[in-house]
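Below is one structure; the comments refer to it alone.
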Amino acid sequence: TCLSKGDGFHYPPCHMLNLSGFRILIDCPLDLLAITIFSPVPCDVGIEAYGQNDQSSIQKKQKLERQMTPDDLVSAEPWYKTVKTLHLWEVSLIDIVLISNPMGLLGLPFLTQNPRFCAKIYMTEATAKIGQLMMEDLVSMHMEFRRLHGPEDSSFPWWTKNLDGEQVPSVLKNLVFGENGDDLGSWMRLYSLDDVKNCMKKVQDVKFAEEVCYNGTLIIKALSSGLDIGACNWLINGPNGSLSYVSDSIFVSHHSKNFDFHGLKGTDVMIYSGFSCLQSAEMTDSDCISTISENNDERLTASLLDNEESLGELEKLAFVCLCAAESADAGGSTLITITRVGIVLQLLELMSNSIESSSLKVPIFVISSVAEELLAYANTIPEWLCEQRQEKLISGEPSFDHLKFIKDKKIHLFPAIHSPNLITSWQEPCIVFAPHWSLRLGPSVQLLQHWRGDPKSLLVLEDGISSGLGLLPFRPIAMKILQCSFLSGIRLQKFPTLLSLLKPKIVLVPDVVNQRINLSTVKTKSILSYSENKMLSVGRIAENADVEIMAELATKLSWKKLRQRENFGIARLKGDFVMENGKHRLVSGLDQEGSSGKTRSLRHWGTVAPETLLDALMKMSVIGSIEHRRGENGAEGKSIIYITNPSGGMIETSEMGTAITTDDETVASKIFQAIDGILDGI
Numbered sequence: 001t002c003l004s005k006g007d008g009f010h011y012p013p014c015h016m017l018n019l020s021g022f023r024i025l026i027d028c029p030l031d032l033l034a035i036t037i038f039s040p041v042p043c044d045v046g047i048e049a050y051g052q053n054d055q056s057s058i059q060k061k062q063k064l065e066r067q068m069t070p071d072d073l074v075s076a077e078p079w080y081k082t083v084k085t086l087h088l089w090e091v092s093l094i095d096i097v098l099i100s101n102p103m104g105l106l107g108l109p110f111l112t113q114n115p116r117f118c119a120k121i122y123m124t125e126a127t128a129k130i131g132q133l134m135m136e137d138l139v140s141m142h143m144e145f146r147r148l149h150g151p152e153d154s155s156f157p158w159w160t161k162n163l164d165g166e167q168v169p170s171v172l173k174n175l176v177f178g179e180n181g182d183d184l185g186s187w188m189r190l191y192s193l194d195d196v197k198n199c200m201k202k203v204q205d206v207k208f209a210e211e212v213c214y215n216g217t218l219i220i221k222a223l224s225s226g227l228d229i230g231a232c233n234w235l236i237n238g239p240n241g242s243l244s245y246v247s248d249s250i251f252v253s254h255h256s257k258n259f260d261f262h263g264l265k266g267t268d269v270m271i272y273s274g275f276s277c278l279q280s281a282e283m284t285d286s287d288c289i290s291t292i293s294e295n296n297d298e299r300l301t302a303s304l305l306d307n308e309e310s311l312g313e314l315e316k317l318a319f320v321c322l323c324a325a326e327s328a329d330a331g332g333s334t335l336i337t338i339t340r341v342g343i344v345l346q347l348l349e350l351m352s353n354s355i356e357s358s359s360l361k362v363p364i365f366v367i368s369s370v371a372e373e374l375l376a377y378a379n380t381i382p383e384w385l386c387e388q389r390q391e392k393l394i395s396g397e398p399s400f401d402h403l404k405f406i407k408d409k410k411i412h413l414f415p416a417i418h419s420p421n422l423i424t425s426w427q428e429p430c431i432v433f434a435p436h437w438s439l440r441l442g443p444s445v446q447l448l449q450h451w452r453g454d455p456k457s458l459l460v461l462e463d464g465i466s467s468g469l470g471l472l473p474f475r476p477i478a479m480k481i482l483q484c485s486f487l488s489g490i491r492l493q494k495f496p497t498l499l500s501l502l503k504p505k506i507v508l509v510p511d512v513v514n515q516r517i518n519l520s521t522v523k524t525k526s527i528l529s530y531s532e533n534k535m536l537s538v539g540r541i542a543e544n545a546d547v548e549i550m551a552e553l554a555t556k557l558s559w560k561k562l563r564q565r566e567n568f569g570i571a572r573l574k575g576d577f578v579m580e581n582g583k584h585r586l587v588s589g590l591d592q593e594g595s596s597g598k599t600r601s602l603r604h605w606g607t608v609a610p611e612t613l614l615d616a617l618m619k620m621s622v623i624g625s626i627e628h629r630r631g632e633n634g635a636e637g638k639s640i641i642y643i644t645n646p647s648g649g650m651i652e653t654s655e656m657g658t659a660i661t662t663d664d665e666t667v668a669s670k671i672f673q674a675i676d677g678i679l680d681g682i
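Going by the UniProt record's numbering, 142 is the number at position 142 of the sequence shown; the sequence numbering is gapless.
Structure, rendered in structure tokens:
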């Protein structure tokens, strides 16, 4: 079941799987875009001037709905929107939680603080560390908001009552109540630092490609997705087959480990959860056909690893640096609210190198409660970095150059905007990296208020936040605005190529993706589309499960060749049938039977022909005769063999079975031997 399709990098999808009897939750994010309904500043700031701007263009827009003003925003302590129906889940029924990237971790404390939660949580060690720092920073910014505006102790979001009227803009209504009006229960008060620490105590972190076994049944492995440092896709192997979960991925990255798609080849079921591909251009049938015709694995791999996309990303980063330099040259400052770890690390590196090679003397400030720890950690996880940065570390250099610039005091780190050392070190123009990208929390709010009237200054936003709603509390704004769209998933045009290379038997694709792309030429058993909050059942792929037999046990077996099946043997044994490391296994431990080959068969199968049985008995000096009796309406009835010598007896055979009646143990033993010689048995 797709519980939430998400909304790009900052709000990844969330799925619930039922696999081999275990319930698996994949990702538990927060919809942080929804907190843009709250006002970060007193509501009288800028309202009057805002109403006087762009009046002509506003009148040309829709006249049915009035223009939003900062007064429409909620002036209250922010609440946070979780995955829809999270509050309705019975958390005790969740067995496993898999977290694909740090953004998918932000909502997990809401689950783990429930005393009935007992699931096993897996994520990469990089995701665990970065995600924990992000949650701690979010709590820190929220607490700062409470200090500035005062806490509210209401256990119910009272402000929702004011957003249900006809005059309320539809944008706000949709964010609060959802399109169908059933999102109200998704709003929760933010967790505490203690909740974060207790959540992380329940986490088992895994290394790259490390196999972990759950309950002896499922083998779980994390493989790099290339999206960001520590982000991964999941491979799950179990007794009923294999499943791969492919989230938003990037084939070639200049900071994190590339998308490891080779480890996902040939799975029984592949779930594709990437919705970011919808941001790319429409795909034509000719694109799909030309891609699939390249059926050579080497060619397919080469087309996926084309570095055109990654070079385009570098050009975007270089353009951001150029714009920041131009603003500084004109006497303006730059505020960068991007919080994607990999993008921030690359921008810090590029900007520092650019300033060092120029005549500009512009300080770079990073203001965050976790900045120092996060930047130091980035140089300690080589297994999750790209090859170029791994090689730098091997050669004795830091993976990222920001450590050098911090040491040379060209990059300055401060935990808060009111830090005494920041106040004494402050100078303008400057370049500032500050959260939060929503423009509702953190130092970005104060800095944006400070610079919003300066036309020489620059604001750098990441794509995903609506510049209209996001900047609403700060209008009128004279700053230059640069909104960047960085690669956050597999482009639609490359998806058929990926499927042709991975060759899964069954593919599950979001319905909105399936509507945008032609997958009819992809060679796979079945392509199924799934929808949000609708359960999709997938049948078992393997008809028969494989069983492993220990070598020690196999050598003790006495194989009996069957008469009715050529080249087929059977043996009887004593042992234990166990589930171990995701596989059915037969293990020894008890003495084996039948090693002499003379053990009496306990079970037979097949049909006994009366004439054949009587011939076998006569060879053993047992004399008798056959009587055939017809059933009703001429149907086949039963046959009876009457034993007359050496003593009396009767053998009755029919479709229902064979019955033997005699008082002589010797005759009974000979009859059994004759049947054992005719039928296959064990």
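Glycine included, each C-beta is placed from N, C-alpha and C at the ideal position.
For residue 645, the enclosing beta strand (DSSP E) covers residues 638-645.
Around the beta-carbon of residue 269, 16 or more other beta-carbon atoms lie within 10 Å, marking it buried. Annotated three-state conformation of residue 191 is coil, per DSSP. Secondary structure note for residue 74: it is in no beta strand (DSSP E), with a DSSP letter that is neither H nor E. The beta carbon of residue 323 lies closer than 7 angstroms to those of 458 and 482 in the same chain, with the five residues before and after it left out. For residue 2, the uninterrupted beta strand (DSSP E) segment begins and ends at 2-4.
The secondary-structure analysis by DSSP pairs residue 67 with nothing; it has no beta-bridge partner. Bridge pairing for residue 548: 585 [DSSP].
By the CB criterion at 8 angstroms, residue 641 and residue 657 fall outside the cutoff.
Ranked by how close their Cα comes to the Cα of residue 522, the residues 502, 538 and 510 have 502 in first place. With fewer than 16 other CB atoms across the displayed protein chains lying within 10 angstroms of its CB, residue 361 is exposed. Scanning 516, 460, 509 and 494 for the CA closest to the CA of residue 486 turns up 460.
With a contact defined as Cβ atoms closer than 8 angstroms, residue 616 and residue 674 qualify at about 4 angstroms. With contacts defined by Cβ atoms closer than 8 angstroms, residue 121 and residue 202 form a contacting pair.
When the alpha-carbon of residue 240 is set against those of 39, 267 and 188, the nearest one is in 267. Within the DSSP bridge table, the entry for residue 15 names 2 and 26 as partners. Of the candidates 540, 533, 447 and 109, the residue whose Cα lies closest to the Cα of residue 6 is 533.
Excluding residues up to 5 positions away in sequence, 77 lie with their Cβ nearer than 7 angstroms to the Cβ of residue 146 in the same chain. Beyond the five residues adjoining it in sequence on each side, residue 112 comes within less than 7 angstroms, by CB distance, of 198, 199 and 202 in the same chain, given in chain order. In this structure, DSSP gives residue 514 a helical state, which the three-state scheme calls helix.
Here residue 427 is not near residue 41, since their CB atoms are 8 angstroms or more apart. Between the alpha carbons of residue 169 and residue 476 lies a gap of roughly 20 angstroms. Beta-bridge partners of residue 629 (DSSP): 638.
Secondary structure at residue 205: strand, using DSSP grouped into helix, strand and coil.
Around residue 389, the same chain offers 255, 382, 399 and 400 as residues with beta carbons nearer than 8 angstroms, after the five sequence neighbours per side are excluded. Non-local beta-carbon contacts of residue 192 in its own chain, meaning distances under 8 angstroms to residues more than five positions away in sequence, involve 139 in chain order. Between the C-alpha atoms of residue 420 and residue 369 there is a straight-line separation of about 14 angstroms. In the DSSP assignment, residue 649 falls within the beta strand (DSSP E) that extends over 649-654. When rounded, the separation of the alpha-carbon atoms in residue 231 and residue 340 is 12 angstroms.
For residue 511, the closest alpha carbon among the candidates 527, 75, 498 and 573 is that of 527. Look at residue 554 here: in three-state DSSP terms it is helix. Taking the C-beta atoms as reference points, residue 349 is found nearer than 8 angstroms to residue 402. Our two residues, residue 515 and residue 568, have alpha carbons roughly 50 angstroms apart in a direct line. In the pairwise beta carbon analysis, the segment 177-195 is classified as not touching the segment 96-106: fewer than three pairs are separated by under 8 angstroms.
Here DSSP, grouped into helix, strand and coil, assigns residue 417 to coil. Under the three-state reduction of DSSP output, residue 126 falls in the helix class.
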